[in-house]
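Residue numbers (my numbering): 12 to 280. A short write-up of the structure that comes next.
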Amino acid sequence: MEMNSPQESTQTQEQVPPPTHTRIDKKNFLILLGGFLILGITIAWFLSTTLLKTDLFLEQEHSQNQNSNQDTKSPQVTQTTKVSGSEVTASVALQIIESAIKNDKDLSRYLVTTPAPGRFWWISDDNWSINVENAERVVVSIPVPEEDMSLYSESPFLFPPKAKEFQFLVSQMMSQMGYVLDTRNSSEDTSDTKYYDYLQAFTNGDNYCVSETNADIATYEDTGSRMMKRLQVSCVTKEQFKKAYDEQLPFLKGLSKRDAIISNITVKD
């Protein structure tokens, strides 16, 4: 019996190479991860910077538009010395003026000053004339048309229509703000000259305000050579008035004159 040799009985098998895998070691992985993080941070910074610049641009554009609108609609404002005193009364005077201008667009063409120190005159409940210095005051100057100049030369107390409209608006605003008319310190009508200027006085218990229309016309330093009819609103607090009252009353009683005006009191040791 023939026997096959081991070489002949062994079947030839094809050898398959093992699968190959791309291997990333730990060092390369960390480098790759760091690169992605830096890229992400860079993109985030770029986007945030772009959005911030866009917001600033839009905000500036909005501010410029608002300023442009104010230039065409708001009154001309003359910067003056900041008032020492109550911020409340300053805001009252300004609010009255701004409300009047808002209701009458023509007033925006007239010169309006910011609150500035001024003299405030008020008759007390016991009929003493009290002068409060450094009161909050806002002024409106209404130009007198050339064709009306001759009328004022004949009657300096003439009231232009715009001044009447302004006084009406001021009275309306004061009423809406809770103020009531104080008849003792007010003129009866535009023909009443007992206070020379036309006065309308208001109080709410905490503040005193007077709307005053100058009886005559004049030129002023801040209005050039043109003749103006000047209107103003001035206010003081109850505390300001009481302080002036307490300081001036001894002098008024010493003079025995209830209508005297005391000002610039200086006490020397």
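All residues carry an ideal CB built from backbone N, CA and C; glycine is no exception.
task = Inspect the beta-carbon positions of alanine 127 and valine 151 and report whether they are closer than 9 Å.
result = No, the Cβ-Cβ distance between alanine 127 and valine 151 is not below 9 Å.
message = Give me the residue from Gly51, Ala255, Tyr207 and Tyr219 with the minimum Cα distance to aspartate 193.
response = Just measuring C-alpha positions, the residue of Gly51, Ala255, Tyr207 and Tyr219 sitting nearest aspartate 193 is Tyr219.
request  = Check whether the region 209 to 219 touches the region 183 to 199, taking contact to mean three or more Cβ pairs, one atom from each stretch, closer than 8 Å.
outcome  = A contact exists between the region 209 to 219 and the region 183 to 199.
task = Quick one: grab the DSSP three-state call for glutamate 250.
result = Glutamate 250 falls in the helix class under three-state DSSP.
query = Candidates Glu147, Trp133, Phe262 and Thr201: which alpha carbon is nearest glutamate 176's?
reply = If we check each option's Cα against that of glutamate 176, Thr201 comes out closest.
query = From Leu266, Gly129 and Ile228, pick the residue whose C-alpha is nearest to that of alanine 146; which is it?
reply = When only C-alpha atoms are compared, the closest one is Gly129.
task = Consult DSSP for aspartate 82 and reduce its assignment to one of helix, strand or coil.
result = Because aspartate 82 sits at a pLDDT of 38, beneath the cut-off of 50, its placement in the model cannot be relied upon, and the point is left open.
key: 9 Å Cβ cutoff met for valine 143 and valine 247   = In terms of Cβ geometry, valine 143 and valine 247 form a close pair [threshold 9 Å].
Residue of Pro156, Asp257, Pro172 and Met184 minimising C-alpha distance to serine 222 = Checking every option, the nearest Cα to that of serine 222 belongs to Met184.
request  = Enumerate in chain order the residues of its own chain whose CB-to-CB distance from serine 197 is below 8 Å, with the five nearest sequence positions on each side excluded.
outcome  = Closer than 8 Å at the Cβ level, and outside the excluded window around serine 197, lie Leu210, Gln211 and Ala212.
ask   = Do you know offhand how far valine 181's Cα is from glutamate 258's?
value = Rounded to the nearest whole angstrom, the CA to CA distance from valine 181 to glutamate 258 is 31 Å.
query = In or out: threonine 224 buried (at least 16 other Cβ within 10 Å) or exposed?
reply = Threonine 224 is buried by the Cβ-count criterion.
key: Among Ser110, Glu157 and Pro154, the one whose alpha carbon lies nearest that of phenylalanine 179   = Ranking the options by Cα distance to phenylalanine 179, first place goes to Ser110.
query = DSSP three-state call for arginine 269: helix, strand or coil?
reply = Residue state, collapsed to three classes: coil.
Neighbour-count burial assignment, isoleucine 52, 16 or more Cβ in a 10 Å radius = Flag for isoleucine 52 reads exposed.
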